[in-house]
Structure formats: structure tokens, C-alpha cells
Amino acid sequence: MPNSLTAIYPGSFDPPTNGHLDLITRGAGLVNHLIVAILQNSQKQPLFTVAERTEMLKEITANLPNVEIDSFDGLLVDFAAHRQANTIIRGIRAVSDYETELHMALLNRSMRPETETVFLMASAEYSFLSSRMVKEIITLGGDASKFVPPAVMRRLHIKFPSTKE
Ligand code: ADP
């Protein structure tokens, strides 16, 4: 298809939250094909394996036919070149996200000039929501069901059986 636009939405998604799903849904409405790309080489010790995160993302995006789940290791610009995608979608929640995102976008463009990063503003109801916050609530025995899709909540219960439903 001429002018077909493929975009990549990269992240750790450990675990995917309602904020991620909101961004995926909105991003999928803007482009022809959206690749949600799980970063494999995160230095952080992840809660979920890449295989588990892939499964969860597939389940929660099953109703979005133009969304694909993939994962990558190494530089995002190399993955973008490999997938022939010039557009990267990232979310901005607060001013605190802006500085790192700006640096990353400029760095990516300097490494691969075709790369264009597009920022979507977080929806107001999710602007405070992060995977880190969900992990904190869960490890402290709280209820995170308002913040993650049911398919993610089910897996959190399996890992942390004492968490509230
Ligand atoms: P990373 O480790 O790359 O920051 P994350 O999974 O935390 O990966 O986030 C991936 C992307 O999703 C980032 O652009 C982040 O700003 C965005 N994001 C995370 N949470 C939200 C949210 N609640 N609303 C909108 N965007 C979000």
C-alpha cells in the first residue's frame, strides 16, 4: 500500500498497564500498522519474562487487528531499520518524562535521520500511572486491578498470591 505508515511503540511493558493500552489504542488509530516492541536488554531485573509480556500484550490487544507484538535487543534504530519503520511512538505523562524522551528522540534521529519520534500525551486518568507504581502496589499487597487490564491482573495474582483481587 503506498503511504502505508508503520510505527513502533517501544517500551519495557513490565507489566503492561491501562496507560500503555490507552496509548496503543490511540496509536493504532493513527497508523496503518503498529508494532509494540518489548525491549529485551533492559538492565533492570524484570518481573515478567519477555515471553510473558508478549503473551499479555497479545491478549490485551486481541481486538486491535493492526497491532503486532514483537521484541528487540540492542538499539531501537536498528530494530526500526530492520522492521522498515520510520516512526516511533512514545508517551509523555509529565514534564519529568519530557527531558529523557527529548534526549532519546534526538539521539535516535542523529543515529538514523529517517527516524521521527511522535509523542502522545497521556490521558489525564493515566498520567500518574507507571509499571513501577503497579509493581510497588503489588509487592506491598495492595489492589492494582484499577490500573492494569484483567489479563495482566491474573498473572500478577499468580506471581503474588497474597495480593487483593
Ligand atoms: P520504558 O522503560 O521504555 O520507559 P515503559 O514500559 O515504562 O518503558 O514505557 C513505554 C512508553 O510508554 C514510554 O514512552 C512511556 O512514557 C509510555 N507510558 C508509560 N506509562 C504511560 C501512561 N500511563 N500513559 C501514557 N504513556 C505511558
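Under numbering that gives the first Met the number 0, think of the first position of the sequence shown as 0, with each following residue one higher. Virtual Cβ for every residue (Gly too), placed ideally from N, Cα, C. Model, not experiment: these values are computed from the prediction.
### Task
Tell me where the beta strand (DSSP E) around F12 begins and ends.
Here F12 belongs to no beta strand (DSSP E), and DSSP marks it neither H nor E.
### Query
Short check: CB of L38 to CB of S11, under 8 Å?
yes
### Query
According to DSSP, is G90 helix, strand or coil?
strand
### Query
the ligand ADP heavy atoms versus the CB of G73: any closer than 7 Å?
The answer is no for G73.
### Message
Please report the distance separating the alpha-carbon of F47 from that of L106.
### Response
28 Å
### Message
Rounded to the nearest angstrom, what separates K43 and P15 at their Cα positions?
### Response
16 Å
#### Entry: Buried/exposed call for M120, threshold 16 Cβ in 10 Å
Exposed is the call here.
### Assumed close pair I87, A6 - CB separation to whole angstroms, cut-off 8 Å
Confirmed, Cβ separation roughly 7 Å.
### Query
For the candidate residues I23, E51, N17, whose alpha-carbon lies nearest to that of P9?
I23
### Query
Say the cut is 7 Å; is the CB of D21 nearer than that to a heavy atom of the ligand ADP?
yes
### Task
Tell me whether M0 is buried or exposed, calling it buried when 16 or more other Cβ atoms sit within 10 Å of its Cβ.
With a pLDDT of 49 at M0, under the threshold of 50, the modelled position of this residue cannot be trusted; read the value that follows with caution. M0 comes out exposed.
### Query
Would you say the region 142-162 touches the region 54-62, given that touching needs at least three Cβ pairs under 8 Å?
yes
### Query
Taking 7 Å as the cut-off, is the CB of Y125 close to at least one heavy atom of the ligand ADP?
Yes, the beta carbon of Y125 sits closer than 7 Å to at least one heavy atom of the ligand ADP.
### Message
Checking 8 Å against the spacing of the C-beta atoms, do A104 and S126 come in under that value?
### Response
no
### Message
Check this for me: beta carbons of R89 and T53, under 8 Å apart or not?
### Response
Against a cut-off of 8 Å, the Cβ pair of T53 and R89 comes out as no contact.
#### Entry: Rounded C-alpha distance that separates N31 from N85
13 Å
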